[in-house]
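Asker: Residue numbers (my numbering): 794 to 991. My structure is below; once you've seen it, I'll send some questions.
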């Protein structure tokens, strides 16, 4: 159980409070212990050092880390003390990430039938030289994929809702199966406040 808690994801913010990565709880705690990061309480945005955090009492029902002497709360967000850059990250091309990019929605009929009824479609079919890349693959429901078959959308008289592109990295693409609700406060804030390229 302790190992499972230590492997949970923790959102990592740079010192400007922009998301820059996801670390395990164990790695985040090492950063806090080494004083290269502080823990952020998502409820009130208060910052905690290692000593401050270990003195807090865990609330009922929340995940905890038990030691031989006491128990303390599992951090969900940490902010780095000195790092202010935003690293360039690429999102791995995988089935899971295509589903996330396309929001579990068929890119032809715009329906959301459920993941078991969605497939990955090659816009330019492999039979016509299409490749498995971000720019050539989209989600399609089973019916639309069968209707399109080995044709392009134009040949099948089907409209593609959105041109497929490589997504920008966000914490949602990190390789963890756990969703942390408190992250939305930091991810949405970064979305609205980050400087856009010209």
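Where a beta carbon is used, it is the ideal one built from N, C-alpha and C, also for glycine. Keep in mind the model is a prediction, meaning the values are calculated, not measured.
Between which two residues does the alpha helix (DSSP H) holding residue 902 run?
Answerer: Locating residue 902 in the chain shown gives position 109, counting from the first residue. Segment: none, residue 902 is in no alpha helix (DSSP H) and carries neither H nor E.
Asker: Can you give me the C-alpha to C-alpha distance between residue 816 and residue 940, rounded to a whole angstrom?
Answerer: The residue labelled residue 816 in the question sits at position 23 within the chain shown. The residue labelled residue 940 in the question sits at position 147 within the chain shown. The alpha-carbon atoms of residue 816 and residue 940 are separated by roughly 43 angstroms.
Asker: Whose C-alpha, out of 904, 938, 944, 868, is nearest the C-alpha of residue 838?
Answerer: The residue labelled residue 838 in the question sits at position 45 within the chain shown. Closest by alpha carbon: 868.
Asker: Please look up how many angstroms separate the CB atoms of residue 805 and residue 873, rounded, as I've assumed it's under 8 angstroms.
Answerer: As a working note, residue 805 is residue 12 in the chain shown. As a working note, residue 873 is residue 80 in the chain shown. Their Cβ separation, rounded to whole angstroms, is 7 angstroms, which keeps residue 805 and residue 873 in contact under 8 angstroms.
Asker: Under the assumption that residue 916 contacts residue 945 (Cβ atoms under 8 angstroms), give the Cβ distance between them as a whole number of angstroms.
Answerer: Locating residue 916 in the chain shown gives position 123, counting from the first residue. Locating residue 945 in the chain shown gives position 152, counting from the first residue. With a Cβ gap of about 7 angstroms, residue 916 and residue 945 count as contacting.
Asker: Go ahead and pull the three-state DSSP assignment for residue 839.
Answerer: Taking the first residue of the chain shown as 1, we reach residue 839 at position 46. In the structure shown, residue 839 sits in a strand (DSSP, three-state: E or B).
Asker: DSSP state of residue 908, grouped into three classes?
Answerer: Along the chain shown, read from residue 1 onward, the residue named residue 908 stands at position 115. Residue 908 falls in the helix class under three-state DSSP.
Asker: Taking only three categories from DSSP, how would you classify residue 984?
Answerer: For the purposes of this step, residue 984 is taken as the residue at position 191 of the chain shown. Residue placement at residue 984 is flagged as unreliable, the pLDDT there being 47, under the threshold of 50; the coordinate-derived value follows with that caveat. Helix.
Asker: Since residue 832 sits in a beta bridge, which residues does DSSP pair it with?
Answerer: For the purposes of this step, residue 832 is taken as residue 39 along the chain shown, with counting starting at 1. Paired residues: 841, 871.
Asker: Measuring alpha carbon to alpha carbon, tell me which residue in 828, 890, 899 is nearest residue 926.
Answerer: The count along the chain shown starts at 1 and reaches residue 926 at position 133. That would be 890, whose Cα lies nearest to the Cα of residue 926.
Asker: Along the chain, where does the beta strand (DSSP E) containing residue 816 start, and where does it finish?
Answerer: For this step, residue 816 is matched to residue 23 along the chain shown. Counting along the chain, the beta strand (DSSP E) containing residue 816 begins and ends at 812 to 817.
Asker: Compare the C-alpha of residue 899 against each of 875, 843, 937, 809 and name the closest.
Answerer: Taking the first residue of the chain shown as 1, we reach residue 899 at position 106. Of the candidates 875, 843, 937, 809, the one whose C-alpha sits nearest the C-alpha of residue 899 is 937.
Asker: In three-state terms, what does DSSP make of residue 891?
Answerer: Position 98 of the chain shown holds residue 891. Helix at residue 891.
Asker: Do you know whose CA, among 892, 826, 961, lies nearest residue 910's CA?
Answerer: Looking up residue 910 in the chain shown gives position 117. The residue with the shortest Cα to Cα distance from residue 910 is 892.
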